[in-house]
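S.K.: Below you will find the structure I want to go over with you.
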Amino acid sequence: MTGAGTGLDVLLFVAAALRISVPYTLASLGATFSERGGVINIALEGIMLNGALAYVLGAWWSHDPWIGVGAAVLAGVATAALHALVTVVFRADQITSGLGINLLAAGLTKFILTQVFQSSSNSERVVGLPALHIPWLGSLPGIGSVFDAPLVPITLLLILGGHVVLFRSVFGMRLRTMGEHPEAGATLGLSVGAYRTLGVLASGVLAGLAGAWLASEQHSFTDGMTGGRGYIALAAMIVGKWSPWGAAAACLLFGAAEALQIGLQGSRFPNELLQMLPYLVTMLALAGWIGRAVPPRAVGVPYDPEDH
Amino acid sequence: MSTAPLAAGEPVSAGARDPRRLLLGVAAPLVAIVLALAAGAIFIVAIGQNPFAIYGLMIGESLGTGYGLGQTLFKATPLIFTGLAVALGFRAGLFNIGAEGQIYLGGFAAALIGSAFTGWPPALLLPACILAAAAAGGAWGAIPGLLKARFGAHEVINTIMMNFIAFALVSFVGRPLFEPATVRTADIGAGAALARLSDWLPALRGSPANMALVLALAVAALAGLLIFRTRFGYALRAVGLSAPAAAFGGISIGRTQALAMTLSGAIAGIGGVNFVLGYKHFFEMGFSGGTGFLGIAVALIGRNHPVGVVLAALFFGALSYGGLVINQQVPRELIDVLQGLVILFAISAQQVLERMSRRLA
Numbered sequence: 272m273t274g275a276g277t278g279l280d281v282l283l284f285v286a287a288a289l290r291i292s293v294p295y296t297l298a299s300l301g302a303t304f305s306e307r308g309g310v311i312n313i314a315l316e317g318i319m320l321n322g323a324l325a326y327v328l329g330a331w332w333s334h335d336p337w338i339g340v341g342a343a344v345l346a347g348v349a350t351a352a353l354h355a356l357v358t359v360v361f362r363a364d365q366i367t368s369g370l371g372i373n374l375l376a377a378g379l380t381k382f383i384l385t386q387v388f389q390s391s392s393n394s395e396r397v398v399g400l401p402a403l404h405i406p407w408l409g410s411l412p413g414i415g416s417v418f419d420a421p422l423v424p425i426t427l428l429l430i431l432g433g434h435v436v437l438f439r440s441v442f443g444m445r446l447r448t449m450g451e452h453p454e455a456g457a458t459l460g461l462s463v464g465a466y467r468t469l470g471v472l473a474s475g476v477l478a479g480l481a482g483a484w485l486a487s488e489q490h491s492f493t494d495g496m497t498g499g500r501g502y503i504a505l506a507a508m509i510v511g512k513w514s515p516w517g518a519a520a521a522c523l524l525f526g527a528a529e530a531l532q533i534g535l536q537g538s539r540f541p542n543e544l545l546q547m548l549p550y551l552v553t554m555l556a557l558a559g560w561i562g563r564a565v566p567p568r569a570v571g572v573p574y575d576p577e578d579h
Numbered sequence: 007m008s009t010a011p012l013a014a015g016e017p018v019s020a021g022a023r024d025p026r027r028l029l030l031g032v033a034a035p036l037v038a039i040v041l042a043l044a045a046g047a048i049f050i051v052a053i054g055q056n057p058f059a060i061y062g063l064m065i066g067e068s069l070g071t072g073y074g075l076g077q078t079l080f081k082a083t084p085l086i087f088t089g090l091a092v093a094l095g096f097r098a099g100l101f102n103i104g105a106e107g108q109i110y111l112g113g114f115a116a117a118l119i120g121s122a123f124t125g126w127p128p129a130l131l132l133p134a135c136i137l138a139a140a141a142a143g144g145a146w147g148a149i150p151g152l153l154k155a156r157f158g159a160h161e162v163i164n165t166i167m168m169n170f171i172a173f174a175l176v177s178f179v180g181r182p183l184f185e186p187a188t189v190r191t192a193d194i195g196a197g198a199a200l201a202r203l204s205d206w207l208p209a210l211r212g213s214p215a216n217m218a219l220v221l222a223l224a225v226a227a228l229a230g231l232l233i234f235r236t237r238f239g240y241a242l243r244a245v246g247l248s249a250p251a252a253a254f255g256g257i258s259i260g261r262t263q264a265l266a267m268t269l270s271g272a273i274a275g276i277g278g279v280n281f282v283l284g285y286k287h288f289f290e291m292g293f294s295g296g297t298g299f300l301g302i303a304v305a306l307i308g309r310n311h312p313v314g315v316v317l318a319a320l321f322f323g324a325l326s327y328g329g330l331v332i333n334q335q336v337p338r339e340l341i342d343v344l345q346g347l348v349i350l351f352a353i354s355a356q357q358v359l360e361r362m363s364r365r366l367a
């Protein structure tokens, strides 16, 4: 293999890793908002799944992918609102609520699929998001074409925006207060429940977008198509130390693991072992392979004003 | 039995001697089931069917005939195992979401041993298969347990990752072993087969209910003894109620949690024998079909108590078989929706009822 060929291979690999990391990054950014506000969001998997089906339904009925994206965001917000209702209003256990929502989403999407497409495993083919050429990023050698997918530059902007909102705005400071020390926020006269709900809803928008990306890339919905990405995104948030840039970097790592898996398909390496790669990398990362992290102090603890 | 100062504040303990607490413990799951069925009725109406007719059909078919009852018992059997597995984890403050992978590997291991040593006598082969199932599930539970104990790694995410790895591992190890052009192993030896319950109860004739149910009830009884009547069970509950307090009392949190996850995995693993040794007599890919995840709902509705788990498993077993019966009129995916709703309603109702009872007190 020539040097130029190897260079191109590396760029192709980076491009693949970038593309694959998009849904992880969106969901992971969402998880960051939710957990910074004090609510663990295992429901990301179900939110993504509902978002993916909503994209397909929207795009199928309207033949407009952007209507699909809108539907995915709405479905994501609605699913997240259910999580907020159970965890913030009823103050029930956050992990159990998330798992319940994931089971509900797995069943609901199949139920709707049978009603609309007469199949519990896949939908008809729908339009994907169109390519848009971004003037400067799009001309980068090798990886420029990645930015033609409109959700890629949008994701980059969301990471930047997420960082600014979380660490440079009054809202972000207050949201983080609710995750670290909700009593302090309540003492300032702020509504702990309102901020926590907004954090969860933000994760609904972002994980819904992640679902839209998956469905748009695949041009269809298939049963269980999120394949654990919601959980991996949550792991990425932990590895990324509850910060947007950290989460994005961790997602790029998981994207690289998956790109490696796809790249090695058809090689002598057994495919079944390759399938384990993203999950193994996640476990290694969580075991502190990339350093330890401290979660927001009050994350996972329901806030009950009657206790104070 | 240890004297238990910590047990005073326990949500629902073995005896639950306070009748108010017991009532509260039973009320929340029942409210959740009623609300979930009511929500399910909306789905049934939405697709133009009569919910009373559908639910009536489900109850009649899953409980009203000997065959249907046998099917319900068969569906309930693995749920007792996975429900106990999740409940044991919950008692130690851990979420074992990996029961799906554990029961899957348990069934696979039982089939490997059962089909490799077909010549062994039943007295040797049957226990060997059950032990293999327990060992495989236990190993799969031990890994996230040790990662939690050693590195503080989130067991929820790790057990879910282990599920995916288990599916891939079985297709890798199994591929050269599977029967040509299938995804199933060879048949197990006759000595490894669990007898059908209909051999003693002719009313259940035709149903696949088998001795794995008796094994499940025995494991439930043992789990009850372990949790409420042993030193380890005390440590387990103490860690689950308050890890720092348990540590202050001289209990090793890491060791207790790692051991709890191993036991939890082993119990889920044994659940695999219901299908493999009791029904088909071979392992087939995808046989677990969500029983591990459903174990979470079983444990919640059963309030993490062995008796509650058995009752909840019977309910969800009836629901699973009922879902197959109504599939002509209503997609059986409705049952998956109901499972998720039961979980959400159960944890919400629990909070609301506790709040109400505190106000009344």
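Chains as they are written, first to last, in the numbering used here: chain A, 272 to 579; chain B, 7 to 367.
All C-beta atoms in this analysis are idealised placements derived from N, C-alpha and C, irrespective of residue type, glycine included.
Taking the alpha carbon of proline 549 of chain A as the reference point, which residue from A/Lys512, A/Asp575, A/Ala504, A/Val387 has its own alpha carbon closest?
M.R.: A/Ala504
S.K.: Which of the three DSSP states, helix, strand or coil, is assigned to glutamate 290 of chain B?
M.R.: Assignment of glutamate 290 of chain B by DSSP, reduced to helix, strand and coil, places it in the strand class.
S.K.: For serine 68 of chain B, which option in B/Gly323, B/Met167, B/Glu360, B/Ala122 has the closest C-alpha, if you only look at C-alpha atoms?
M.R.: Residue B/Gly323 is the option with its Cα nearest to serine 68 of chain B.
S.K.: Find the nearest neighbour of tryptophan 407 of chain A within the set A/Val397, A/Asp419, A/Pro401, judged by alpha-carbon distance.
M.R.: A/Asp419
S.K.: Can you have a look at valine 471 of chain A and say buried or exposed, based on whether 16 or more other CB atoms are within 10 angstroms of its CB?
M.R.: Counting Cβ neighbours within 10 Å, valine 471 of chain A comes out buried, since at least 16 surround it.
S.K.: Rounded to the nearest angstrom, what separates threonine 582 of chain A and proline 337 of chain B at their Cα positions?
M.R.: No answer is possible for residue 582 of chain A: it lies beyond the span of chain A, which begins at 272 and ends at 579.
S.K.: Considering only the alpha carbon of each residue, which of B/Val304, B/Gly346, B/Val358 lies closest to alanine 82 of chain B?
M.R.: Relative to the Cα of alanine 82 of chain B, the nearest Cα in the group B/Val304, B/Gly346, B/Val358 belongs to B/Val304.
S.K.: Can a CB atom of chain B be found closer than 8 Å to the CB of serine 292 of chain A?
M.R.: no
S.K.: For proline 337 of chain B, which residues in chain A fall below 8 Å Cβ to Cβ?
M.R.: The answer, in chain order, is Lys381, Phe382, Thr385, Gln386, Ser391.
S.K.: Does the beta carbon of phenylalanine 361 of chain A come closer than 8 Å to any beta carbon on chain B?
M.R.: yes
S.K.: Taking Cβ positions only, does valine 18 of chain B come closer than 8 Å to chain A?
M.R.: Any reading at valine 18 of chain B must be qualified, since the residue scores a pLDDT of 41, below 50, and its modelled position is unreliable; the value itself is stated next. So, not an interface residue.
S.K.: Using only the alpha-carbon positions, how far apart do valine 279 of chain B and glycine 76 of chain B sit?
M.R.: 17 Å
S.K.: Comparing alpha-carbon positions, which option in A/Ile291, A/Thr303, A/Leu297 lies nearest lysine 512 of chain A?
M.R.: A/Thr303
S.K.: Taking Cβ positions, are glutamate 316 of chain A and threonine 497 of chain A nearer each other than 8 Å?
M.R.: yes
S.K.: Enumerate, from N- to C-terminal direction, the unbroken alpha helix (DSSP H) stretches of 4 or more residues contained entirely within the region 279-352 of chain A.
M.R.: 315-333
S.K.: List the residues of chain A that aspartate 342 of chain B touches, going by C-beta distances under 9 Å, in chain order.
M.R.: Leu374, Leu375, Ala377, Gly378, Leu379, Lys381, Phe382
S.K.: By the 10 Å Cβ neighbour count, where 16 or more other Cβ atoms means buried, how is glycine 274 of chain A classified, buried or exposed?
M.R.: Residue placement at glycine 274 of chain A cannot be trusted, given a pLDDT of 47 that sits under 50; what the coordinates show is reported in the next sentence. Flag for glycine 274 of chain A reads exposed.
S.K.: Closest to valine 310 of chain A by C-alpha separation, out of A/Asp578, A/Pro566, A/Glu577, A/Gly559, would be which residue?
M.R.: Among A/Asp578, A/Pro566, A/Glu577, A/Gly559, the Cα nearest to that of valine 310 of chain A is on A/Pro566.
S.K.: Do three or more CB pairs link the region 217-226 of chain B to the region 85-93 of chain B at distances below 8 Å?
M.R.: yes
S.K.: What residue ranges within the region 232-258 of chain B form continuous alpha helix (DSSP H) runs of no fewer than 4 residues, ordered along the chain?
M.R.: Runs found: 237-247, 249-254.
S.K.: Output yes if chain B places a C-beta closer than 8 Å to the C-beta of proline 576 of chain A; else output no.
M.R.: no
S.K.: Please confirm whether methionine 554 of chain A has its beta-carbon closer than 8 Å to some beta-carbon of chain B.
M.R.: yes
S.K.: Glutamate 4 of chain B lies in the alpha helix (DSSP H); which residues open and close that run?
M.R.: The displayed coordinates of chain B run from 7 to 367. Any statement about residue 4 of chain B would go beyond what the structure contains.
S.K.: Straight-line CA distance for asparagine 333 of chain B to alanine 98 of chain B?
M.R.: For asparagine 333 of chain B and alanine 98 of chain B, the distance between alpha carbons rounds to 39 Å.
S.K.: So, does the CB of glycine 346 of chain B fall closer than 8 Å to a CB anywhere in chain A?
M.R.: Chain A contact via Cβ: present.
S.K.: In the DSSP output, which residue or residues are listed as bridge partners for arginine 190 of chain B?
M.R.: B/Glu290
S.K.: Is threonine 350 of chain A close to chain B, meaning its C-beta is less than 8 Å from at least one C-beta of that chain?
M.R.: no
S.K.: Quick one: grab the DSSP three-state call for threonine 493 of chain A.
M.R.: strand
S.K.: List the residues of chain A whose Cβ lies closer than 8 Å to the Cβ of glutamine 263 of chain B, in chain order.
M.R.: Those do not exist, as glutamine 263 of chain B stays about 15 Å from chain A at its closest Cβ, beyond 8 Å.
S.K.: Would isoleucine 53 of chain B be called buried (16 or more neighbouring beta carbons within 10 Å of its own) or exposed?
M.R.: exposed
S.K.: Could you give the distance in angstroms between the alpha-carbon of glutamine 346 of chain B and the alpha-carbon of leucine 340 of chain B?
M.R.: In the sequence on display, residue 346 of chain B carries glycine and not glutamine. Put simply, the backbone Cα of glycine 346 of chain B is about 10 Å away from that of leucine 340 of chain B.
S.K.: For the candidate residues B/Leu359, B/Ala226, B/Gly295, B/Asp342, whose alpha-carbon lies nearest to that of histidine 311 of chain B?
M.R.: B/Ala226
S.K.: By the three-class DSSP mapping on this structure, what secondary structure does asparagine 393 of chain A have?
M.R.: strand
S.K.: Could you work out which residue in B/Ala34, B/Leu247, B/Arg361 is closest to glutamate 577 of chain A when comparing CA atoms only?
M.R.: B/Arg361
S.K.: Considering Cα atoms alone, identify which of A/Leu345, A/Leu400, A/Thr448 is closest to alanine 478 of chain A.
M.R.: A/Leu345
S.K.: Quick one: what does DSSP say arginine 362 of chain A is sitting in, helix, strand or coil?
M.R.: coil
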